[in-house]
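To start, the structure itself, in structure tokens.
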Amino acid sequence: MNDIAIRVENLGKQYKIGMQIDRYRTLRDSLVDAVKRPMRMLRGEGGDNYETIWALSDISFEVRKGEVLGVIGRNGAGKSTLLKILSRVTEPSQGYAEIRGRVGSLLEVGTGFHPELTGRENISLNGAILGMKREEIERKFDEIVDFSGIEKFIDTPVKRYSSGMYLRLAFAVAAHMEPEILVVDEVLAVGDAEFQRKCLGKMSDVASQGRTVLFVSHNMSAILRLTQESILLEKGKLVLRAPSPQAVDYYLTSGFAQSGEHCWQPDEIPVDAAPFGPIALRVRNPQGLVVDTVRSTEPATLEIEYALDAPISGLRVGIYLLTPQGEHIFTAFDTDDTDRYERYAERKAGRYTSRCVIPADFLNEGRYVVGVNASAFRVRRYFQDEHALSFNVDASGAPGTHWLENRLGLIRPRLQWKIEEVQGAGILRDEAS
Amino acid sequence: MNVNTPQEEVIVLRPSRGWSALNLRDLWVYRELIYFLTWRDIKVRYKQTVLGAGWAILQPLVNMVVLSVIFGNFAKMDTEGIPRPVFTFAALLPWGLFSKALNDAGRSMLANRNMITKIYFPRLIIPLASVLGGVVDFLIQFGILLLMMLYYGYPPTLNIWALPLFLLLALMTALGFGLWLSALNVLYRDVNYILPFLTQLWLLLTPVGYSSSVVPEQWRIVYALNPMVGVVEGFRWALLGAETTPGPQMILSVVISTVLLVTGMYYFRRMERTFADMV
Numbered sequence: 009m010n011d012i013a014i015r016v017e018n019l020g021k022q023y024k025i026g027m028q029i030d031r032y033r034t035l036r037d038s039l040v041d042a043v044k045r046p047m048r049m050l051r052g053e054g055g056d057n058y059e060t061i062w063a064l065s066d067i068s069f070e071v072r073k074g075e076v077l078g079v080i081g082r083n084g085a086g087k088s089t090l091l092k093i094l095s096r097v098t099e100p101s102q103g104y105a106e107i108r109g110r111v112g113s114l115l116e117v118g119t120g121f122h123p124e125l126t127g128r129e130n131i132s133l134n135g136a137i138l139g140m141k142r143e144e145i146e147r148k149f150d151e152i153v154d155f156s157g158i159e160k161f162i163d164t165p166v167k168r169y170s171s172g173m174y175l176r177l178a179f180a181v182a183a184h185m186e187p188e189i190l191v192v193d194e195v196l197a198v199g200d201a202e203f204q205r206k207c208l209g210k211m212s213d214v215a216s217q218g219r220t221v222l223f224v225s226h227n228m229s230a231i232l233r234l235t236q237e238s239i240l241l242e243k244g245k246l247v248l249r250a251p252s253p254q255a256v257d258y259y260l261t262s263g264f265a266q267s268g269e270h271c272w273q274p275d276e277i278p279v280d281a282a283p284f285g286p287i288a289l290r291v292r293n294p295q296g297l298v299v300d301t302v303r304s305t306e307p308a309t310l311e312i313e314y315a316l317d318a319p320i321s322g323l324r325v326g327i328y329l330l331t332p333q334g335e336h337i338f339t340a341f342d343t344d345d346t347d348r349y350e351r352y353a354e355r356k357a358g359r360y361t362s363r364c365v366i367p368a369d370f371l372n373e374g375r376y377v378v379g380v381n382a383s384a385f386r387v388r389r390y391f392q393d394e395h396a397l398s399f400n401v402d403a404s405g406a407p408g409t410h411w412l413e414n415r416l417g418l419i420r421p422r423l424q425w426k427i428e429e430v431q432g433a434g435i436l437r438d439e440a441s
Numbered sequence: 031m032n033v034n035t036p037q038e039e040v041i042v043l044r045p046s047r048g049w050s051a052l053n054l055r056d057l058w059v060y061r062e063l064i065y066f067l068t069w070r071d072i073k074v075r076y077k078q079t080v081l082g083a084g085w086a087i088l089q090p091l092v093n094m095v096v097l098s099v100i101f102g103n104f105a106k107m108d109t110e111g112i113p114r115p116v117f118t119f120a121a122l123l124p125w126g127l128f129s130k131a132l133n134d135a136g137r138s139m140l141a142n143r144n145m146i147t148k149i150y151f152p153r154l155i156i157p158l159a160s161v162l163g164g165v166v167d168f169l170i171q172f173g174i175l176l177l178m179m180l181y182y183g184y185p186p187t188l189n190i191w192a193l194p195l196f197l198l199l200a201l202m203t204a205l206g207f208g209l210w211l212s213a214l215n216v217l218y219r220d221v222n223y224i225l226p227f228l229t230q231l232w233l234l235l236t237p238v239g240y241s242s243s244v245v246p247e248q249w250r251i252v253y254a255l256n257p258m259v260g261v262v263e264g265f266r267w268a269l270l271g272a273e274t275t276p277g278p279q280m281i282l283s284v285v286i287s288t289v290l291l292v293t294g295m296y297y298f299r300r301m302e303r304t305f306a307d308m309v
């Protein structure tokens with residue numbers, strides 16, 4: 009009896025960068041190319057005129073049946089490529105993978121939804137696209153509608169749905185397929201908190217039913233909750249396979265550059281981020297130095313440097329501050345202030361820095377993770393890196409540090425205490441005696 | 031929870047090289063998806079239009095009037111004694127099915143790019159479904175044609191049994207050529223611009239507005255290299271009893287269209303592995 013669900017051996021995927029960037033190959037380009045190529049070969053420059061990158065190389069691992077394996081790594085580490093290969097969307101360029109059982113993928117919910125069709129019709133269509141049989145869809149129809157919570161609008165074209173309703177319906181369909189192997193990518197990144205809870209619940213149901221799950225997420229608390237083991241990818245290579253708490257810890261701490269600065273490499277920036285080009289994220293102390301550790305008693309500056317290749321209207325660039333477990337402490341954008349929002353209604357092409365100051369006496373000691381988001385509200389998300397950088401907060405000199413104890417809580421404010429001796433109390437006691 | 035299938039399927043993923051097998055079994059496994067995608071194309075086609083499915087009738091009728099005026103009143107071409115509206119309409123049915131199928135199939139891979147980059151299924155289904163999507167329109171139009179034939183006093187001939195075969199030939203030709211174009215379109219967007227010219231030219235090379243009897247005898251064989259010649263002649267013969275009985279040229283049409291289909295499928299399969307990266 010073979011209890012291996014997925015076996016991957018030396019798997020690799022090579023992309024031609026030229027191919028991806030100028031997606032429109034025209035016949036003319038090819039003709040010009042056909043003429044140029046032999047000449048280039050004559051000049052000894054080699055025949056391959058495309059720059060190539062290995063999005064994934066030399067990956068080997070096994071997943072046992074019924075195992076829930078987390079896949080973590082930074083943007084561009086190759087997570088999505090791995091899932092695309094395993095769900096047969098694209099072919100590997102190297103190596104070999106063996107999969108036992110039907111694979112269902114949630115690479116993006118709502119694939120194949122058609123805006124003109126009603127919710128009811130889209131359930132059938134989407135179900136078929138996800139590989140469900142018609143009889144299976146009919147059987148689960150009520151359950152799906154129930155889960156989505158949109159009974160009232162089931163006969164309305166989905167183009168009239170709010171984005172939340174759309175998403176709920178899409179996830180409801182996807183959540184009701186019953187493959188032996190489920191491949192999930194980032195479905196939890198969207199939707200409100202209530203919906204996210206529902207999704208996580210469904211995911212752990214799947215896991216507890218003894219099905220194999222590959223779960224990719226940037227949400228470390230979800231990884232910790234749902235998986236026992238995780239693999240960590242870095243620049244297309246598998247660097248670690250360990251129990252999830254260990255892997256998450258490694259990823260969030262030693263996985264980061266310890267320098268207080270993160271400069272985005274071209275392979276970390278998705279093609280569709282353009283015209284937004286992130287350059288660097290830095291933590292600076294009051295002296296202006298880039299540091300990994302700031303003092304709790306001093307203000308710290310977070311600085312995002314980026315370039316716009318074209319003007320963007322309504323752009324907001326902001327940060328998330330998270331705990332190493334992936335819980336959000338706050339989210340703030342550079343145009344949260346209404347005056348500034350109006351002043352920067354359109355940001356011209358050019359190079360910018362957006363800076364904010366985390367006030368003194370705010371954070372408790374510990375390690376914090378900074379994420380970056382650049383978006384135009386309800387229009388488009390240009391770029392997001394949920395774990396761009398981490399930094400330390402040192403609490404020496406902060407309120408209460410003369411007691412050597414760990415203070416619970418994420419913030420450590422310097423509160424205005426007043427101690428008053430209540431004069432009347434003594435009199436009262438006197439009277440009582 | 032029953033997740034163990036008795037006969038467990040093992041999928042092996044590895045880089046493939048050269049020509050691969052057609053893997054038609056996979057197509058059978060996914061037959062419901064073919065149905066649903068076809069159904070979607072039909073369902074969506076006339077949404078939010080005032081006339082709705084009326085367009086399926088209006089389009090060929092307008093084409094019929096235009097072609098009748100050009101070839102009848104100006105060019106004064108012979109119709110073998112058949113009333114011109116019926117003569118033209120009977121040819122416009124398979125032609126309309128063919129040109130629509132060709133255009134839809136040619137653009138289908140790009141139109142469904144979000145599915146192709148997200149989910150696995152035999153890619154062949156996409157052009158196949160867009161070809162089949164035209165059949166419903168065809169059936170509606172066929173009803174109109176029957177009414178017209180009754181009005182002009184032309185009851186269908188006994189040859190009507192052969193009609194499904196000619197229909198099949200039209201679909202095969204459209205699919206074969208559509209497969210080539212859709213695969214090429216992923217690599218070269220030029221196909222989008224070539225398609226309208228191609229269909230226009232092809233219309234003129236097909237005896238839709240005229241009878242193929244105007245083509246000189248010694249050129250008939252060359253002319254029949256176009257499989258749609260056989261289809262259109264076949265329709266007129268089966269429905270209206272036109273004199274041009276399908277002859278040896280018909281065999282040529284069938285051979286050409288089969289070759290198109292088979293090579294198209296192999297070419298498509300060969301290119302398939304790069305679709306998700308290129309589209």
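Same order as they appear, the protein sequences are chains A and B. All letters in the first sequence, in the order written, are residues 9 to 441 by our numbering. All letters in the second sequence, in the order written, are residues 31 to 309 by our numbering. We put the beta carbon where it would ideally sit given N, CA and C, even for glycine. Everything numeric in this text was worked out from a predicted model, so none of it was measured.
**OP:** In angstroms with no decimal places, state the Cα-to-Cα distance between valine 302/A and valine 291/A.
**Re:** 8 angstroms
**OP:** Return the CA-CA distance between phenylalanine 284/A and glutamate 313/A, expressed in angstroms with no decimal places.
**Re:** 11 angstroms
Original post:
Is leucine 234/A closer than 8 angstroms to tyrosine 258/A when the C-beta atoms are compared?
Top reply: Against a cut-off of 8 angstroms, the Cβ pair of leucine 234/A and tyrosine 258/A comes out as no contact.
Subject >> Beta-carbon separation (whole angstroms), isoleucine 146/B vs phenylalanine 305/B, contact threshold 8 angstroms >> reply: 6 angstroms
Original post:
Cβ of arginine 303/B less than 8 angstroms from any chain A Cβ?
Top reply: yes
Subject >> Min CB distance alanine 13/A to chain B below 8 angstroms >> reply: no
Original post:
Is the number of C-beta pairs between the segment 320-332 of chain A and the segment 380-387 of chain A that are closer than 8 angstroms three or more?
Top reply: Contact holds between the segment 320-332 of chain A and the segment 380-387 of chain A, because three or more Cβ pairs, one in each stretch, are under 8 angstroms apart.
Original post:
Under a Cβ-count criterion, where at least 16 other Cβ atoms within 10 Å of its own Cβ denotes burial, should glutamate 75/A be classed as buried or exposed?
Top reply: Flag for glutamate 75/A reads buried.
Original post:
Can you list, in chain order, the residues of the segment 151-173 of chain A whose Cβ is nearer than 9 angstroms to any Cβ on chain B?
Top reply: Pro165
Original post:
Alpha carbon to alpha carbon, what distance is there between arginine 348/A and aspartate 317/A?
Top reply: Each residue's alpha carbon lies about 21 angstroms from the other.
**OP:** State the beta-bridge partners of histidine 336/A as determined by DSSP.
**Re:** Leu330/A
**OP:** Rounded to whole angstroms, what's the CA-CA distance from threonine 164/A to serine 132/A? Just pull it up for me.
**Re:** 14 angstroms
Original post:
Buried or exposed: where does glutamate 335/A fall if 16 or more other Cβ atoms within 10 Å of its Cβ makes it buried?
Top reply: exposed
Subject >> Cutoff 8 angstroms: threonine 79/B Cβ touching any chain A Cβ >> reply: At least 8 angstroms separates the CB of threonine 79/B from every CB of chain A.
Subject >> Bounding residues of the beta strand (DSSP E) (the contiguous stretch that carries serine 113/A) >> reply: 111-114
Subject >> Listed by chain order, chain B residues near tyrosine 23/A by CB distance under 9 angstroms >> reply: Asp307
**OP:** Closer than 8 angstroms, Cβ to Cβ, to anything on chain B: give me those residues from the segment 95-111 of chain A, in chain order.
**Re:** Contact annotation: in the segment 95-111 of chain A, residues whose CB is within less than 8 angstroms of a CB in chain B are Ser95, Arg96, Val97, Thr98, Glu99, Pro100, Ser101, Gln102, Gly103, Tyr104, Ala105, Glu106, Ile107, Arg108, Gly109, Arg110 and Val111.
**OP:** Run the CB neighbour count on aspartate 11/A, radius 10 Å, all protein chains shown included, and call it buried at 16 or more, exposed below.
**Re:** Taking every protein chain shown into account, the CB of aspartate 11/A has fewer than 16 other CB atoms within 10 angstroms, so this residue is exposed.
**OP:** Leaving aside the five residues before and after leucine 125/A along the sequence, list all residues of the same chain whose C-beta is less than 7 angstroms from its C-beta, in chain order.
**Re:** Only Leu133, Pro165 and Val166 meet the Cβ criterion.
**OP:** For threonine 109/B, I'd like the list of residues in its chain whose CB is within less than 7 angstroms of its CB, leaving aside the five on either flank, ordered along the chain.
**Re:** For threonine 109/B, where only same-chain residues beyond five positions count, the Cβ hits under 7 angstroms are Phe117 and Ser241.
**OP:** Just mark arginine 420/A as buried or exposed, buried being the case when its beta carbon has 16 or more other beta carbons within 10 Å.
**Re:** buried
Subject >> Own chain partners of leucine 19/A with C-beta closer than 6 angstroms, once the 5 adjacent residues on each side are dropped >> reply: Closer than 6 angstroms at Cβ, skipping near neighbours: Ile67, Pro100, Gly103 and Ala105.
**OP:** Within its chain, find whatever has a CB closer than 7 angstroms to the CB of lysine 210/A; leave out the 5 residues flanking it on each side and keep chain order.
**Re:** Ala183
Original post:
Along chain B, which residues have their Cβ under 7 angstroms away from the Cβ of serine 132/A?
Top reply: Phe66
**OP:** Measure the alpha-carbon distance for tyrosine 76/B versus alanine 315/A and round it to whole angstroms.
**Re:** 45 angstroms
**OP:** Output the distance between the C-alpha atoms of arginine 249/A and alanine 255/A, rounded to the nearest integer angstrom.
**Re:** 7 angstroms
Original post:
In this structure, what does DSSP give as the bridge partners for threonine 301/A?
Top reply: Answer is Asn400/A, bridged to threonine 301/A.
Subject >> Minimum length 4: unbroken alpha helix (DSSP H) runs contained in the segment 140-182 of chain B >> reply: Taken in chain order, the complete alpha helix (DSSP H) segments of 4 or more residues contained in the segment 140-182 of chain B are 143-146, 155-162 and 165-181.
**OP:** Can you give me the start and stop residues for the alpha helix (DSSP H) that isoleucine 224/B sits inside?
**Re:** Counting along the chain, the alpha helix (DSSP H) containing isoleucine 224/B begins and ends at 220-234.
Original post:
For lysine 167/A, which of helix, strand or coil comes out of DSSP?
Top reply: helix
**OP:** Specify the secondary structure class of leucine 423/A as computed by DSSP and reduced to three states.
**Re:** Looking at leucine 423/A - three-state DSSP - the assignment turns out to be coil, as it is neither helix nor strand.
**OP:** Assuming asparagine 372/A contacts arginine 422/A (C-beta within less than 8 angstroms), just tell me the rounded distance between them.
**Re:** The Cβ separation is near 12 angstroms, so there is no contact.
Original post:
If we count the other Cβ atoms within 10 Å of its Cβ and call it buried at 16 or more, is arginine 266/B buried or exposed?
Top reply: buried
Original post:
Hey, asparagine 133/B and isoleucine 156/B: beta-carbon distance below 8 angstroms or not?
Top reply: no
Original post:
To which residues does DSSP link alanine 254/B through a beta bridge?
Top reply: Its beta-bridge partners do not exist; DSSP assigns none.
Original post:
Taking Cβ positions only, does proline 157/B come closer than 8 angstroms to chain A?
Top reply: no
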